[in-house]
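Working notes, structure below.
In this note's numbering, the protein residues as written are 2 to 302.
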């Protein structure tokens, strides 16, 4: 009975498939890291910057395809360059961050359009645009897994070391500055972490959808708890659940009779979106019950 139930959930070959193994390891590691960084991103109000980095990554991915190197390195190179450019243009104040982000984003997208054009006309590469924009967990090269895991662990370590000053400056930059926290330096360091996190997410779900993996689990977790540490743990778990469930659904759908399968990136984002809706519904229900209870107490009084 148990074996029959497992076969219903997991199609044949799921646990023995090498592409699935790579997808589970790389996607899972990136999901955990993105959940942690995503909470800081939402708290700091830098979701627009995260979205901008995801768009800019199309430049790195398209350049990598054109040069014949791994897209991971293209994503990472552009992430570092974009973070540096935004820092030089000014990121200390929120308005300055948005202006700097918009300027760099516009320039990067212009270059990306040119490179994608060359990818499809000059280069013999096929499927470059789809791979760059929407990713493919099942085509991740096993050779990129060590680098993906190493960068993810490095970002988690940096977030752990800078947790207190980063959280303090995120909640109140003025108070943190009075207490001696180097707010500008901390902000620049986080901007680099954010850029790298988005670049790694682009490997799993593509440049366009990488923001969903960064923001979705974090926003869901913050609907469940307002404690930063707890929210980070919840976001990491939600991201991991979303990626692994998405991989399973994508793999199973490809085995269904008369069905070509659903893209893994779509499945991952869909699961994360559903989880957010569930958390939002729970939050709304809880708030309604609280308001009803207070109203009854007021009437009783």
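Ideal Cβ placement from N, Cα and C applies to all residues, glycine included.
Item, Value
"Buried/exposed call for residue 220, threshold 16 Cβ in 10 Å", "buried"
"Within-7 Å CB hit, residue 179 to chain B", "Checking the listed chains, one finds no chain B in this structure; it contains a single protein chain."
"Pairwise C-alpha distance: residue 269 and residue 114", "26 Å"
"Beta strand (DSSP E) segments (min. 3 residues) lying fully within the region 27-80", "none"
"Residue of 24, 44, 13, 55 minimising C-alpha distance to residue 200", "55"
"Given 8 Å, three or more beta-carbon pairs between the region 194-213 and the region 143-152", "yes"
"Beta-carbon gap between residue 214 and residue 156 smaller than 7 Å", "no"
"Residue ranges of each alpha helix (DSSP H) within the region 183-246, 4 or longer", "184-206, 211-225"
"Exposure of residue 173, with buried meaning 16 or more beta-carbon neighbours within 10 Å", "exposed"
"Residue 92 versus residue 85: straight-line alpha-carbon distance, rounded", "Legend: pLDDT at residue 92 = 48, less than 50; position of this residue unreliable, no value from coordinates given."
"Residues near residue 245 by beta carbon distance below 7 Å, same chain, minus five either side", "25, 29"
"Nonlocal neighbours in the same chain, by C-beta distance under 7 Å from residue 163, ignoring five residues either side", "187, 190"
"Residue of 69, 277, 50, 49 minimising C-alpha distance to residue 224", "277"
"Secondary structure of residue 108, DSSP reduced to three states", "helix"
"Same chain only: Cβ atoms within 6 Å of residue 72, ignoring 5 sequence neighbours per side", "62, 65"
"Same chain only: Cβ atoms within 7 Å of residue 74, ignoring 5 sequence neighbours per side", "65"
"Chain-order list of residues whose beta-carbon lies under 8 Å from that of residue 13 (same chain, five-residue window excluded)", "256"
"DSSP-derived helix/strand/coil call for residue 11", "coil"
"Where residue 16 falls, given that 16 or more other Cβ within 10 Å makes a residue buried", "exposed"
"Nearest neighbour of residue 211, chosen from 23, 19, 11, 59 [CA to CA]", "59"
"Residue span of the alpha helix (DSSP H) that contains residue 180, given as start and end", "Unbroken run through residue 180: none, as it is neither H nor E."
"For residue 143, the three-state DSSP class (helix, strand or coil)", "helix"
"Any non-hydrogen atom of the ligand MG closer than 6 Å to residue 44 Cβ", "This structure lacks the ligand MG; in fact it carries no ligand of any kind."
"Rounded C-alpha distance that separates residue 267 from residue 273", "10 Å"
"Whole-number beta carbon distance between residue 216 and residue 48, since they are thought to touch under 8 Å", "6 Å"
"Nearest-angstrom Cα separation, counted from residue 228 out to residue 107", "36 Å"
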